[in-house]
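Peer 1: In my numbering, the protein residues as written are 1 to 129.
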């Protein structure tokens with residue numbers, strides 16, 4: 001009888017663990033902006049690139065006293081990022097008081113991923129469909 005109760009307890013614990021795991025995976029995908037795992041990975045990579053570009057802008061401002069274009073950041077070897085991560089392309093808009101790094105999706109792949117992601121000098125992310 002003790003073995004049966006132990007087995008039932010083990011099965012119940014595994015069921016609860018699987019439920020919690022599946023809910024966590026759903027919330028992680030939803031936080032990335034999509035329920036498609038491949039698109040969620042893509043968006044995570046794009047967000048990482050945007051952070052790297054924004055940090056390079058901040059370093060460039062500290063050393064040169066102004067913000068740089070994406071071409072300037074690449075040519076000065078401030079970043080080792082290409083101008084795109086398929087299906088997104090990157091663009092930097094600068095002014096005297098700040099910058100905005102934008103990732104624009106080039107095509108609608110039906111994944112539910114945002115059409116545009118951006119980050120500004122305050123490291124605030126914005127998305128648009």
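For glycine and all other residues, C-beta sits at the position ideal for the given N, C-alpha and C.
Note that the coordinates shown come from a computational prediction; the quantities given were computed from them, not determined experimentally.
#1: Quick one: which unbroken beta strand (DSSP E) runs of 3-plus residues sit fully inside the stretch 16-72? Chain order, please.
#2: Can you check which of these residues, 54, 61 and 81, is closest to residue 123 by C-alpha distance?
#3: Where DSSP assigns a beta bridge to residue 96, which residues make up the other side?
#4: Starting from the C-beta of residue 118, find all residues in its chain whose C-beta is less than 6 Å away, skip the five residues before and the five after it, and write them out in chain order.
#5: For residue 79, which residues of its own chain have a beta-carbon under 7 Å away from its beta-carbon, when the five flanking residues on both sides are left out?
Peer 2: Taking the structure as given:
#1: none
#2: 54
#3: Residue 96 pairs with nothing; no bridge assigned.
#4: 100, 102 and 126
#5: 52, 53, 56 and 73
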